[in-house]
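Asks:
6 protein chains.
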Amino acid sequence: MLIKLINPNTTAAMTELMGHTARKVAAADSEIVLATSRSGAASIEGHYDEALSVMGVIDEIRGGVPADAYVIACFGDPGLLAAREITASPVLGVAEAAMHAATFLATSFSIVTTLERTRIMSEHLVRSYGMQNHCRRVRATDVPVLELENPDSSARAVIFAECEKAVRDDQAEAIVLGCAGMSNLAKHLQERLGLPVVDGVAAAVKFAEAIVGMGLRTSKIGDLAFPLPKSYAGKLAEYAPAALVRGIDHQLAGRTAAERS
Amino acid sequence: MLIKLINPNTTAAMTELMGHTARKVAAADSEIVLATSRSGAASIEGHYDEALSVMGVIDEIRGGVPADAYVIACFGDPGLLAAREITASPVLGVAEAAMHAATFLATSFSIVTTLERTRIMSEHLVRSYGMQNHCRRVRATDVPVLELENPDSSARAVIFAECEKAVRDDQAEAIVLGCAGMSNLAKHLQERLGLPVVDGVAAAVKFAEAIVGMGLRTSKIGDLAFPLPKSYAGKLAEYAPAALVRGIDHQLAGRTAAERS
Amino acid sequence: MLIKLINPNTTAAMTELMGHTARKVAAADSEIVLATSRSGAASIEGHYDEALSVMGVIDEIRGGVPADAYVIACFGDPGLLAAREITASPVLGVAEAAMHAATFLATSFSIVTTLERTRIMSEHLVRSYGMQNHCRRVRATDVPVLELENPDSSARAVIFAECEKAVRDDQAEAIVLGCAGMSNLAKHLQERLGLPVVDGVAAAVKFAEAIVGMGLRTSKIGDLAFPLPKSYAGKLAEYAPAALVRGIDHQLAGRTAAERS
Amino acid sequence: MLIKLINPNTTAAMTELMGHTARKVAAADSEIVLATSRSGAASIEGHYDEALSVMGVIDEIRGGVPADAYVIACFGDPGLLAAREITASPVLGVAEAAMHAATFLATSFSIVTTLERTRIMSEHLVRSYGMQNHCRRVRATDVPVLELENPDSSARAVIFAECEKAVRDDQAEAIVLGCAGMSNLAKHLQERLGLPVVDGVAAAVKFAEAIVGMGLRTSKIGDLAFPLPKSYAGKLAEYAPAALVRGIDHQLAGRTAAERS
Amino acid sequence: MLIKLINPNTTAAMTELMGHTARKVAAADSEIVLATSRSGAASIEGHYDEALSVMGVIDEIRGGVPADAYVIACFGDPGLLAAREITASPVLGVAEAAMHAATFLATSFSIVTTLERTRIMSEHLVRSYGMQNHCRRVRATDVPVLELENPDSSARAVIFAECEKAVRDDQAEAIVLGCAGMSNLAKHLQERLGLPVVDGVAAAVKFAEAIVGMGLRTSKIGDLAFPLPKSYAGKLAEYAPAALVRGIDHQLAGRTAAERS
Amino acid sequence: MLIKLINPNTTAAMTELMGHTARKVAAADSEIVLATSRSGAASIEGHYDEALSVMGVIDEIRGGVPADAYVIACFGDPGLLAAREITASPVLGVAEAAMHAATFLATSFSIVTTLERTRIMSEHLVRSYGMQNHCRRVRATDVPVLELENPDSSARAVIFAECEKAVRDDQAEAIVLGCAGMSNLAKHLQERLGLPVVDGVAAAVKFAEAIVGMGLRTSKIGDLAFPLPKSYAGKLAEYAPAALVRGIDHQLAGRTAAERS
């Protein structure tokens with residue numbers, strides 16, 4: 024099974040870090056292909072960064088080898104529904120996967136994320152995914168996303184302290200890490216805190232395997248059907264859905280990447 | 024007061040139609056500047072079209088003469104929060120404006136929109152805007168967006184029939200038109216139906232005037248603060264926020280377009 | 024356009040204060056007529072005061088020159104739906120208008136109000152208006168309503184301090200002033216706090232202009248249709264709806280006050 | 024125990040009918056005192072009628088012999104919170120009581136009410152009382168309130184037919200009668216339909232007995248504390264809270280009517 | 024009227040305590056029969072204890088003299104819907120009864136319960152019963168259930184202190200005691216705190232009397248109809264519904280215990 | 024990895040059927056152990072059946088070889104939280120798993136279940152799991168659970184017809200099968216309907232593998248911590264938690280079944 028892990032920001036080092044996590048949890052017969060967005064922000068820390076990251080996500084789904092499943096590896100799940108429209112292969116977002124996983128393990132969780140200004144984005148997702156009764160609180164640390172990559176920073180200590188507050192003040196029984204760039208911290212935090220710490224990258228990879236393993240694909244009835252063919256203008260002319268449908272017609276035939284190889 | 028009305032699709036005829044509506048309701052001292060997106064879909068009829076329409080919206084806010092307020096004239100309100108991040112001038116979406124207006128006039132409304140596949144997008148907005156208790160139902164007509172421009176089509180008859188169903192079956196007390204391209208139908212439908220028919224283009228223009236008239240601007244504390252400066256790569260390099268902030272520094276000084284001229 | 028601003032309490036000085044705010048923001052062609060309730064409480068600080076304020080509001084809509092729009096200028100929006108029943112002209116409440124305006128400018132706001140005992144009334148309105156996801160918190164200052172009129176009191180300092188707490192502790196990105204009597208503080212607070220401070224009096228006046236400018240009137244289908252004619256007894260005999268309908272029949276003809284003059 | 028049943032409309036025949044129901048279910052040691060509002064509408068069929076019915080309710084609580092509990096016998100529960108402010112004796116609304124009772128007997132119920140235009144009022148109460156998950160639907164019959172008193176009308180047949188629809192189409196497992204004037208129909212409908220039919224008059228009387236029997240009284244901390252003393256003007260001057268507090272000071276001493284006699 | 028009060032835990036001393044409360048509030052013509060569960064946990068302090076307490080509740084409803092109403096006297100309301108299925112007599116839970124009662128007396132309440140680990144159980148009930156807008160907070164004291172029986176413990180002081188916090192920090196206007204074992208504290212706490220303190224044992228008994236007094240019984244249409252006859256295996260063979268229906272057929276005839284005697 | 028699939032009803036044929044489904048989707052290194060409840064109902068079709076099925080579920084978790092994960096294979100997810108309390112290994116319910124899986128594939132789904140009387144149980148789960156915005160409707164077919172096993176019955180045709188109604192009338196974009204006994208129908212229905220048909224047995228097995236694969240276990244902080252040791256009486260004496268903790272202490276050491284072997 025071929026799973027494509029797409030980093031919607033353009034920082035390759037973060038893709039590597041997430042790829043490391045993904046490969047550690049992937050099943051023996053899963054192949055993880057990594058992709059770093061080729062356009063947009065070095066880190067996604069607001070609505071503007073996020074809106075502009077969708078193009079890069081779409082590029083990675085339209086181009087390259089078709090995958091059996093895709094993972095969008097940014098905690099805002101940018102372009103999730105658009106991505107589901109252009110492929111029948113399952114597409115998982117890491118925020119979505121992490122929150123759903125947490126509900127299997129605890130009756131409550133808190134999210135520990137990076138910047139205060141991205142907190143509202145997590146709160147919106149909490150509501151979209153129906154997690155209002157499970158999510159006690161979204162906690163921002165004001166650690167910038169790229170600081171997570173810096174081994175000399177105090178980022179880890181700050182995140183650990185915020186997790187402790189979540190346990191003590193929110194009575195959270197599990198932690199959801201609110202940034203894909205924290206995926207390498209999950210194991211360490213879990214051991215120190217003594218409760219489930221859910222990283223969305225691992226969760227999305229495993230849930231993608233699960234969904235593919237059940238023989239399920241994205242619904243092509245209704246709003247997730249392939250986009251209607253139409254003309255696109257200007258800088259985006261090449262994104263016109265007609266071309267797109269041709270590019271994925273082997274998927275429409277219902278074969279998986281494994282079957283095709 | 025200068026209000027820029029941005030059509031997020033690339034169909035200029037639809038922009039003209041909406042501009043006509045906008046100018047009819049605008050105050051004497053409001054100037055309506057029209058902009059048709061220069062990239063993306065000819066019509067927005069799905070998550071994919073919508074996600075890719077945001078770039079065009081952003082282009083129109085970043086470029087050209089700064090406006091006192093912006094209107095995003097597509098019923099999905101694409102890129103609304105991203106747009107609010109990059110300017111201190113108020114930005115209004117037409118779906119948002121129409122729904123809020125309807126609550127001032129009736130205790131319930133139904134939305135009559137175009138394609139069945141876009142219905143979920145309106146339903147998501149209903150929840151985002153807290154309209155669950157006011158909106159009885161979102162009704163799709165399966166009229167394609169561009170068919171609204173065709174004087175020979177049965178589109179108007181179909182829409183009228185659906186509005187009648189909303190009154191009879193949903194007990195809706197007002198109608199919200201679920202597509203900016205229907206803005207020229209509002210008056211006619213209102214007269215035939217005998218209840219408020221709210222068009223978002225008119226509503227957004229008038230609410231934009233209202234907000235500017237109160238001396239209010241978008242909050243620059245928190246998630247709508249200007250984007251953090253950072254590098255952007257690839258096709259989107261020019262969208263890096265640093266350049267952006269320079270482009271709007273006169274806005275930060277708090278002067279309106281009227282004062283500047 | 025004639026807008027009647029109705030103060031549901033009987034304190035004329037507060038009406039003057041609100042009238043000052045209203046006229047500062049009103050369009051050049053809007054005429055603001057002020058009305059102070061002729062019956063009921065000097066200030067509205069509880070369910071009882073509020074319930075008994077509705078008669079005064081109704082008196083001002085039934086009597087005097089018909090207006091193109093009415094504003095109910097008390098943060099509890101007393102009698103809002105009853106008022107909408109007896110006129111086809113739009114009726115706006117200041118709480119309603121302020122909360123809706125705040126959602127155009129920020130993803131979250133807190134309300135800063137007067138007495139602790141009125142906090143629940145704002146909380147009920149937050150839910151009625153679908154603002155649960157936008158309103159972070161309703162904060163009471165325990166400043167009595169009429170103390171706002173007293174230039175020697177510490178009221179302003181207390182309110183400013185509470186706004187600061189809303190920003191710091193609730194991460195509110197905008198402030199909604201929870202009492203029409205605070206309308207003269209908005210500009211000052213906004214400048215000191217550096218974020219949008221929304222006063223409902225200004226918001227309701229501007230939104231009333233907007234709604235009238237769109238050619239929209241209150242729905243007369245369903246629960247906001249004119250009251251059914253019937254007999255009224257005792258002290259309220261004169262309020263029987265039959266008489267009422269006669270009083271407003273020119274409105275039913277659909278002409279605005281401007282057209283009638 | 025003395026329970027005062029207040030009919031907020033001015034139709035004495037309806038009071039008698041409800042009194043009959045109340046006395047049939049009342050405990051042996053409960054005395055039911057009936058009061059018909061002395062001002063306002065002959066029937067309450069809209070927001071306007073309802074808003075103006077509050078004065079009559081308040082008059083009956085302020086005047087006459089103090090009761091151990093009050094029942095507001097109109098399905099809109101008009102003035103419920105205002106009434107709770109001016110007495111420490113429990114005040115029950117019939118809509119409130121009926122809905123709460125229904126949840127003790129069934130996992131779902133539908134409300135069968137009178138006019139379509141009053142349906143929204145019940146829907147608002149459903150939300151205020153947290154009944155959204157229990158109430159399947161509010162069904163209007165378009166039977167006018169006073170028609171219920173007319174033995175020759177088809178009102179009963181229409182109501183029975185609507186109850187049958189609620190069972191068949193909503194899968195309702197209990198019926199809540201949506202008008203206090205239907206209280207005499209409950210037993211008959213229950214026998215014919217074979218499921219619980221809850222009348223609010225009976226429910227409110229029994230719950231009032233229950234609350235008094237537990238030694239509980241309305242909270243006088245917070246928003247239901249006695250109204251703040253202040254001046255009232257015009258036609259309502261006599262309603263100023265100061266006078267009121269004197270009128271009920273024996274209640275403040277915490278004695279029940281039974282103890283006082 | 025015969026009301027059977029079932030203690031779902033096996034601690035007879037607690038049953039006595041609750042019986043004392045029940046008899047103090049019961050009407051003169053109500054007979055309270057006490058039952059202590061004969062199987063399961065000495066105290067119910069978690070999901071596991073609660074799930075296993077349902078058998079004991081069912082045993083007490085199936086066996087012994089049929090009652091006119093049943094009260095399940097544990098704040099988790101264990102087995103409430105299962106119990107309602109096997110008898111037409113009303114069944115009340117104490118959590119349910121206490122929360123509903125509190126809404127008749129205050130616009131907000133907090134629940135003060137025992138162990139932190141049972142807090143989520145109360146929160147789940149708050150949502151099931153539609154109390155989210157009334158319940159400010161569930162507060163755990165970490166007093167073990169059986170410690171409430173110990174006169175030498177600090178349990179009472181701890182509970183009083185938590186109630187004070189609820190008033191000060193949550194602005195709760197009433198307290199709901201979150202454990203049936205606290206029923207003897209209600210009066211004392213109410214006097215010291217000066218606000219309504221609602222004990223579910225008293226509330227359930229009085230509401231049971233009220234429901235029976237209205238002539239209402241559990242709906243036998245839909246999910247609360249008697250269980251379908253079928254075979255049961257193993258240790259639970261005797262619980263097969265067929266036998267059950269025979270045991271209660273006198274109830275199906277609609278007679279009350281009073282009538283049968 | 025050892026996954027124990029527990030059928031909470033006592034019908035071994037149904038366990039076999041579900042085991043067949045489970046093994047078809049399980050990973051090569053997963054071993055599926057089947058368990059049929061040894062006590063309780065032959066089929067679970069109501070609150071009573073469900074409440075009494077929990078003992079059988081608990082027996083299977085407490086006894087036999089410890090598993091790396093448990094699946095509760097009945098669409099009511101009976102005893103889910105109790106089960107999570109007594110083991111650190113993940114426990115998945117099939118309703119929970121199916122609904123979460125469906126949200127990864129479609130923006131809306133309908134549930135097609137067996138008896139009308141069990142519909143409310145699914146509706147309660149929809150709310151518990153935060154699926155209100157995804158689940159369009161729960162549809163009952165009135166096919167008895169055990170009829171699903173009968174090859175000569177019309178059960179399959181009835182279920183297919185109901186799925187078609189869900190697509191046509193609810194605009195559902197995916198189907199969730201509302202009974203574990205339907206698990207063998209998923210593939211067939213999916214092919215005929217052309218949209219995702221989610222069976223909870225497959226979903227729970229695959230999600231269990233995913234959760235174990237991530238190294239996550241049930242939170243042992245808070246309400247899912249191991250039950251407090253205490254005495255249990257009567258028929259349930261052997262269920263006292265103290266014995267239980269001894270039985271699973273190897274699990275506390277954090278080793279998986281794979282590691283132990």
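Chains as they are written, first to last, in our numbering: chain A, 24 to 284; chain B, 24 to 284; chain C, 24 to 284; chain D, 24 to 284; chain E, 24 to 284; chain F, 24 to 284.
Where is the CB? At the ideal position from N, CA and C, for every residue including glycine.
Please list the terminal residues of the continuous alpha helix (DSSP H) segment that includes residue 102/C.
Replies: Within the third sequence, the letter at position 79 stands for residue 102/C. Looking at the DSSP string, residue 102/C is not in any alpha helix (DSSP H), and its letter there is neither H nor E.
Asks: If you draw a straight line from the C-alpha of residue 87/D to the C-alpha of residue 253/C, how long is it?
Replies: Along the fourth sequence, one-based indexing puts residue 87/D at 64. Along the third sequence, one-based indexing puts residue 253/C at 230. When rounded, the distance between both Cα atoms is 28 Å.
Asks: Within the 8 Å Cβ cut-off, does residue 134/D reach chain B?
Replies: Residue mapping note: residue 134/D aligns to position 111 of the fourth sequence, counting from 1. Cβ-Cβ to chain B under 8 Å: no for residue 134/D.
Asks: Do we get a CB-CB distance below 8 Å when we pair residue 130/B with the residues of chain D?
Replies: Taking the second sequence and counting its residues from 1, one reaches residue 130/B at position 107. For residue 130/B, the answer is yes, since a Cβ of chain D falls inside 8 Å of its Cβ.
Asks: Could you list the residues in the stretch 146-175 of chain B with a C-beta less than 8 Å from some C-beta on chain D, going in chain order?
Replies: Residues 156.
Asks: Candidates 70/E, 241/E and 76/E: which alpha carbon is nearest residue 61/E's?
Replies: Residue 61/E sits at position 38 when you count from the first residue of the fifth sequence. With distances taken between Cα atoms, residue 61/E lies closest to 76/E.
Asks: Can residue 162/D and residue 189/D be called in contact, C-beta distance under 8 Å?
Replies: Counting from 1 along the fourth sequence, the entry for residue 162/D is found at position 139. Counting from 1 along the fourth sequence, the entry for residue 189/D is found at position 166. A contact, by the Cβ cut-off of 8 Å.
Asks: Would you mind telling me which residues of chain C sit closer than 8 Å to residue 196/B, beta carbon to beta carbon, in chain order?
Replies: Along the second sequence, read from residue 1 onward, the residue named residue 196/B stands at position 173. Per Cβ cutoff of 8 Å: 242, 244, 245, 246 and 247.
Asks: Can you have a look at residue 283/C and say buried or exposed, based on whether 16 or more other CB atoms are within 10 angstroms of its CB?
Replies: Taking the first residue of the third sequence as position 1, residue 283/C is located at position 260. Caution is warranted here: a pLDDT of 40 is assigned to residue 283/C, below 50, making its placement in the model unreliable, and no coordinate value can be reported.
Asks: Under a three-way DSSP split, which group does residue 218/A fall into?
Replies: Locating residue 218/A in the first sequence gives position 195, where the first residue counts as 1. Residue state, collapsed to three classes: coil.
Asks: Closer than 8 Å by beta-carbon distance: list the chain A residues that pair up with residue 143/E, in chain order.
Replies: As a first step, residue 143/E is located in the fifth sequence; it is residue number 120 there, counting from the start. Here the neighbours are 130 and 131.
Asks: With burial defined as no fewer than 16 other Cβ atoms inside 10 Å of the residue's Cβ, what is the status of residue 107/F: buried or exposed?
Replies: Looking up residue 107/F in the sixth sequence gives position 84. Buried.
Asks: Does the distance from the CB of residue 208/D to the CB of residue 34/D come in under 8 Å?
Replies: Here residue 208/D is taken as the residue at index 185 of the fourth sequence, counted from 1. Here residue 34/D is taken as the residue at index 11 of the fourth sequence, counted from 1. Contact flag unset, no.
Asks: Buried or exposed for residue 192/C, going by 16 or more other Cβ atoms inside 10 Å?
Replies: For the purposes of this step, residue 192/C is taken as the residue at position 169 of the third sequence. Classification of residue 192/C: exposed, given that the 10 Å Cβ count is below 16.
Asks: What does the alpha-carbon distance come out to for the pair residue 273/F and residue 90/F?
Replies: Here residue 273/F refers to the residue found at position 250 of the sixth sequence. Here residue 90/F refers to the residue found at position 67 of the sixth sequence. Because the pLDDT of residue 273/F is 39, which lies under 50, any placement of that residue in the model is unreliable, and the question is left without a value.
Asks: Would you say residue 232/E faces chain D, with C-beta separation under 8 Å as the test?
Replies: Translated into positions along the fifth sequence, residue 232/E becomes position 209. Output row for residue 232/E: interface = yes.
Asks: Return helix, strand or coil for residue 240/F, following the three-state DSSP convention.
Replies: Locating residue 240/F in the sixth sequence gives position 217, counting from the first residue. It is coil, neither helix nor strand.
Asks: Using CA coordinates, which residue listed in 114/B, 134/B, 111/B and 112/B is at the minimum distance from residue 122/B?
Replies: Indexing the second sequence from 1 puts residue 122/B at position 99. The candidate whose alpha carbon is nearest that of residue 122/B is 134/B.
Asks: Starting from residue 89/C, find everything on chain B with Cβ-Cβ shorter than 9 Å and list it in chain order.
Replies: Here residue 89/C is taken as the residue at index 66 of the third sequence, counted from 1. Result: empty, since nearest Cβ-Cβ is about 18 Å, beyond 9 Å.
Asks: Run through DSSP, which three-state label would residue 27/B get?
Replies: In the second sequence, counting from the first residue as 1, residue 27/B sits at position 4. Three-state DSSP puts residue 27/B in a strand.
Asks: Rounded C-beta distance between residue 26/F and residue 55/F? I'm assuming under 8 Å.
Replies: Here the question's residue 26/F lines up with position 3 in the sixth sequence. Here the question's residue 55/F lines up with position 32 in the sixth sequence. 6 Å between Cβ atoms; contact.
Asks: Helix, strand or coil for residue 269/C, going by three-state DSSP, please let me know.
Replies: Counting from 1 along the third sequence, the entry for residue 269/C is found at position 246. Residue confidence for residue 269/C is low, a pLDDT of 39 falling below 50, so the modelled location carries little weight; the figure read from the coordinates is stated next. Three-state result, residue 269/C: helix.
Asks: If you compare alpha carbons, which of 172/F, 202/F and 58/F is closest to residue 42/F?
Replies: Position 19 of the sixth sequence, counting from 1, holds the residue named residue 42/F. Among 172/F, 202/F and 58/F, the Cα nearest to that of residue 42/F belongs to 58/F.
Asks: Got a sec, what are the start and stop residues for the alpha helix (DSSP H) residue 71/F sits in?
Replies: Working through the sixth sequence from its first residue, we reach residue 71/F at position 48. Unbroken alpha helix (DSSP H) run through residue 71/F: 70-85.
Asks: Which residues of chain B have a Cβ atom closer than 9 Å to the Cβ of residue 70/A, listed in chain order?
Replies: Start at 1 with the first residue of the first sequence, and residue 70/A comes out as number 47. What residue 70/A touches in chain B: 102, 103, 104, 105, 106, 107, 108, 246, 247 and 250.
Asks: At least one CB of chain A closer than 8 Å to the CB of residue 61/B: is that the case?
Replies: Here residue 61/B refers to the residue found at position 38 of the second sequence. Judged by the 8 Å Cβ criterion, residue 61/B is in contact with chain A.
Asks: Cutting at 7 Å between CB atoms, please list the residues of its own chain near residue 142/F, excluding the five before and the five after it.
Replies: Looking up residue 142/F in the sixth sequence gives position 119. Excluding positions up to five away in sequence, the list reads 136, 161 and 163.
Asks: By DSSP, does residue 34/D sit in helix, in strand, or in coil?
Replies: On the fourth sequence, position 11 is the one that residue 34/D refers to. Residue state, collapsed to three classes: coil.
Asks: Cα separation between residue 279/F and residue 80/F?
Replies: In the sixth sequence, residue 279/F corresponds to position 256, counting from 1. In the sixth sequence, residue 80/F corresponds to position 57, counting from 1. Residue confidence for residue 279/F is low, a pLDDT of 42 falling below 50, so the modelled location carries little weight; the figure read from the coordinates is stated next. Distance between the alpha carbons of residue 279/F and residue 80/F: 21 Å.
Asks: For residue 141/A, which three-state DSSP category applies?
Replies: For the purposes of this step, residue 141/A is taken as residue 118 along the first sequence, with counting starting at 1. Note: residue 141/A maps to helix in three-state DSSP.
Asks: Would DSSP call residue 116/B helix, strand or coil?
Replies: Counting from 1 along the second sequence, the entry for residue 116/B is found at position 93. Reduced to three states, the DSSP call for residue 116/B is strand.
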